[in-house]
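Asks: In UniProt numbering, the protein residues as written are 7 to 324.
Take a look at this one; I'll ask things after.
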Ligand code: ADP
Ligand code: MG
């Protein structure tokens, strides 16, 4: 066993949620319009993500779980123009060391499919029959990493966080169909539609009925009517040019100040907003988990958020 690789894998993949995130990112990067996610045993027994995306050509499949075997970056200049969610070619490589990896895949125009089994440095590839797209299954996660296994959360806690994670993906990609099944129980069944329906899937139909559209050149999405408030800021979702970001206090405060006197003190709205900004005015921290953005014109962005919220409220009389 390659101990260094084992340790590295344990750093990229620390919990089942990390696997789910990486596999959904890969499906989205492959332009999937349908993503089915299924877990059992808190994700430690099995995780499976199936998509209808571009698939992996037979001759490339064996390379997929090799380190830096990414198809997404060809040269260093590309690093600055990254449009995909993954780009370092480390996810499948790490997963193959954190558990048993199985990939079944077929590009639309390839006649037969291909299947891969990988565990640590053993990789086996064989032809198979399968639908177009890719299914990735990870079994017995951390079985070979007892220290990692010991510090895992209860399945119910892991599931709670995974439901939030998949909810965020649905909100940021409402045009993609998502299905989430946990231990045989259906949690989300989202059918490709618009943002309002995504809010319905994730927060329930009552919330969806209380959303208002926001549509300005810089700010697009939906915000809740002021009567739908929450004591916590846990339903304020932001993205920049389609990439989810961690909302900062400043950004959240700008949105809240747009509500002004309509929002009771210490209450927060529900909002899903995307900022459309020229890429050259952004400094994206491209670490895969830390989704932070530095804005060149922060005060302009804050003002645009506040005004967009304000205008939407005024257009939707109470
Ligand atoms: P990265 O996403 O950083 O490129 P990964 O280890 O996540 O690295 O994946 C390695 C490569 O395997 C990807 O670059 C892509 O070519 C291929 N791949 C992985 N998952 C999928 C998928 N669901 N559909 C199509 N190709 C995939
Ligand atoms: Mg990836």
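In this text, a Cβ means the ideal position worked out from N, Cα and C, and glycines have one as well.
Does the distance from the C-beta atom of residue 225 to that of residue 314 stay below 7 Å?
Replies: Contact flag set, yes.
Asks: Could you tell me which uninterrupted beta strand (DSSP E) segments, each at least 3 residues in length, are contained entirely in the stretch 205 to 245, listed from first to last along the chain?
Replies: 217 to 221 and 225 to 230
Asks: May I have a chain-ordered list of the beta strand (DSSP E) segments no shorter than 3 residues that lie completely inside the stretch 82 to 156?
Replies: 106 to 112, 119 to 125, 128 to 134 and 139 to 145
Asks: Given this structure, state the Cα-to-Cα distance separating residue 4 from residue 283, to the nearest angstrom.
Replies: The requested residue 4 does not occur in the structure, where the chain is confined to residues 7 to 324.
Asks: State the beta-bridge partners of residue 255 as determined by DSSP.
Replies: Paired residue(s): none; residue 255 is not in a bridge.
Asks: When the distance is taken between beta carbons, is residue 142 closer than 7 Å to residue 55?
Replies: yes
Asks: Heavy atom of ligand 2 less than 6 Å from the Cβ of residue 24, yes or no?
Replies: no
Asks: Less than 8 Å between the CB atoms is what I'm expecting for residue 122 and residue 64, so what's the real figure, rounded?
Replies: About 10 Å; that fails the 8 Å criterion.
Asks: State the start and end residues of the unbroken alpha helix (DSSP H) segment that holds residue 65.
Replies: 64 to 67
Asks: Kindly indicate which three-state DSSP category residue 280 falls into: helix, strand or coil?
Replies: If DSSP states are grouped into helix, strand and coil, residue 280 belongs with the strands.
Asks: Determine the direct distance from the alpha carbon of residue 133 to that of residue 5, and round the result to whole angstroms.
Replies: Coverage of the chain is limited to positions 7 through 324, which leaves residue 5 absent and any answer about it impossible.
Asks: Under a three-way DSSP split, which group does residue 73 fall into?
Replies: coil
Asks: Counting pairs of beta carbons, one from the stretch 112 to 132 and one from the stretch 36 to 50, are three or more of them closer than 8 Å?
Replies: Touching, no, given that fewer than three Cβ pairs across the two stretches are closer than 8 Å.
Asks: Is residue 58 near ligand 1 - that is, is its Cβ less than 6 Å away from at least one heavy atom of it?
Replies: no
Asks: Opposite residue 55 in the DSSP bridges: which residues?
Replies: 43 and 142
Asks: Does DSSP classify residue 274 as helix, strand or coil?
Replies: strand
Asks: Please report the Cβ distance between residue 192 and residue 23, rounded to the nearest whole angstrom; I am assuming they are in contact, meaning their Cβ atoms lie under 8 Å.
Replies: 19 Å between Cβ atoms; not a contact.
Asks: Quick check on DSSP: helix, strand or coil for residue 50?
Replies: coil
Asks: Quick check: residue 162 and residue 183, are their CB atoms within less than 7 Å of each other?
Replies: no
Asks: Would you say residue 275 and residue 305 are within 7 Å of each other, going by their C-beta atoms?
Replies: Result no, Cβ atoms of residue 275 and residue 305 do not sit closer than 7 Å.
Asks: Is residue 32 a contact residue of ligand 3, with contact defined as CB to any heavy atom under 6 Å?
Replies: Annotation note on ligand 3: not contained in the displayed structure, which lists ligand 1 and ligand 2 as its ligands.
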